[in-house]
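The structure under discussion appears below in the form of structure tokens.
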Amino acid sequence: MKKAIVIGATSGIGKELTKVLSQDGYVIGIAGRRIHLLEELQSELSTHIVLRQMDVSETSRAIEELKSLIAELGAVDLIVICAGTGFIDPNLQWDKEKETIDVNVLGFAAMANVAFHHFVQQNSGHLVGISSIAAIRGGDAPAYNASKAFDSNYLESLRYKASKMRLPIAVSNIQPGFVDTDMAKGEGLFWVASPQKAALQIYEVVRKRKKHAYITRRWKLIGWALKVMPDFIYYKL
Numbered sequence: 550m551k552k553a554i555v556i557g558a559t560s561g562i563g564k565e566l567t568k569v570l571s572q573d574g575y576v577i578g579i580a581g582r583r584i585h586l587l588e589e590l591q592s593e594l595s596t597h598i599v600l601r602q603m604d605v606s607e608t609s610r611a612i613e614e615l616k617s618l619i620a621e622l623g624a625v626d627l628i629v630i631c632a633g634t635g636f637i638d639p640n641l642q643w644d645k646e647k648e649t650i651d652v653n654v655l656g657f658a659a660m661a662n663v664a665f666h667h668f669v670q671q672n673s674g675h676l677v678g679i680s681s682i683a684a685i686r687g688g689d690a691p692a693y694n695a696s697k698a699f700d701s702n703y704l705e706s707l708r709y710k711a712s713k714m715r716l717p718i719a720v721s722n723i724q725p726g727f728v729d730t731d732m733a734k735g736e737g738l739f740w741v742a743s744p745q746k747a748a749l750q751i752y753e754v755v756r757k758r759k760k761h762a763y764i765t766r767r768w769k770l771i772g773w774a775l776k777v778m779p780d781f782i783y784y785k786l
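Just so we're aligned, residue 550 is where the sequence shown starts under our numbering, counting upward by one.
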């Protein structure tokens with residue numbers, strides 16, 4: 550029986566991806582800060598669900614909670630890190646910058662580290678991390694853009710490490726554009742996908758064990774444009 554863990558399953562992409570995995574028969578461990586939302590999700594699903602209350606910014610405790618969840622489930626095939634935060638921060642307030650770094654950098658790396666060690670130990674597995682198209686360049690949310698660049702590079706480094714170790718461990722870097730969640734902030738949003746559509750496309754990445762995907766797929770065009778766009782144009786956007 551396939552087993553998965555979704556970290557950040559209380560809302561948005563994580564919640565919807567949990568539903569998709571459940572429909573495909575996965576036994577699932579779900580983790581997040583708001584236990585009542587995890588309990589509500591558990592009640593909606595027919596497959597076996599194991600809960601853990603977890604705040605990834607409290608890295609020492611989160612590491613132990615994830616290890617405990619893995620031990621309870623047994624051999625886990627798939628771990629998805631959806632937990633994240635971010636702010637439009639025109640005044641560059643340090644408390645918001647720090648919160649973003651604590652969750653998106655320290656928390657993300659801690660969870661990915663535990664997942665990778667588990668997969669090395671069992672000689673197989675698939676790690677999926679939710680980064681962002683914002684990882685490509687800086688922007689109005691300095692800590693957010695920078696933290697997502699960290700996430701993308703951390704995932705690539707783990708994939709590189711698995712390759713060097715000649716282990717069949719897949720590592721997928723997911724870079725969504727705008728998705729209709731609490732994370733979609735600011736004006737001028739376009740091509741906004743529903744969390745349900747995003748989750749279905751992410752599941753295709755899981756099924757095919759792809760290294761990278763823009764979500765939704767049309768954001769590949771924006772990703773390309775951001776990479777080649779000269780600064781004098783980009784800074785006027």
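Where a beta carbon is used, it is the ideal one built from N, C-alpha and C, also for glycine.
* **Three-state secondary structure assigned by DSSP to residue 637** => coil
* Asked: Which value, in whole angstroms, describes the spacing of the CA atoms of residue 558 and residue 581?
  -> C-alpha separation (whole angstroms): 6 Å.
* To do: Name, in chain order, the residues that DSSP records as bridge partners for residue 724.
  => 763
* Asked: Alpha carbon to alpha carbon, what distance is there between residue 639 and residue 749?
  -> 34 Å
* To do: Return the chain-ordered list of same chain residues with a C-beta closer than 6 Å to the C-beta of residue 692, the five sequence neighbours on each side being excluded.
  => 646, 649, 650
* Asked: Under a three-way DSSP split, which group does residue 558 fall into?
  -> coil
* Proximity below 8 Å, CB of residue 576 to CB of residue 552 -> yes
* Measuring CB to CB, does residue 603 end up less than 8 Å from residue 621? -> no
* Asked: Just how far apart, CA to CA, sit residue 781 and residue 664?
  -> 41 Å
* Apply the 10 Å Cβ neighbour rule to residue 642 and answer buried if 16 or more other Cβ atoms are within range, or exposed otherwise. => exposed
* Per DSSP, what kind of secondary structure is residue 785 in: helix, strand or coil? -> coil
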